[in-house]
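Each position in the sequence shown, counted from 1, maps to that position plus 809 in the working numbering. Ideal placement from N, C-alpha and C gives every residue a C-beta, glycine not left out. Down below is the structure, laid out as structure tokens.
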Amino acid sequence: MTIENTPENIKKLRKKIGLTQTECGEIFGVGLSTWQKKEAKTHNQLNFIQR
Numbered sequence: 810m811t812i813e814n815t816p817e818n819i820k821k822l823r824k825k826i827g828l829t830q831t832e833c834g835e836i837f838g839v840g841l842s843t844w845q846k847k848e849a850k851t852h853n854q855l856n857f858i859q860r
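Right, dumping it as structure tokens:
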């Protein structure tokens, strides 16, 4: 099963594992405002950081 990195799915997964946007930003090495853009519906999906 493959889950796309859509802003909606990113937010759902973050909430499911109980992390804040700040905590996710720290894990992926980005700031809060950058993480918020990852979850914004208008964000360009091609720029998502995959590690």
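Spatial neighbours of residue 830 in its own chain (CB-CB distance under 8 Å, excluding positions within 5 residues in sequence) are listed in chain order as 823, 841, 844, 845, 848. Residue 818 sits in a helix when the DSSP states are folded into three classes.
A direct Cα-to-Cα measurement between residue 811 and residue 819 gives close to 13 Å.
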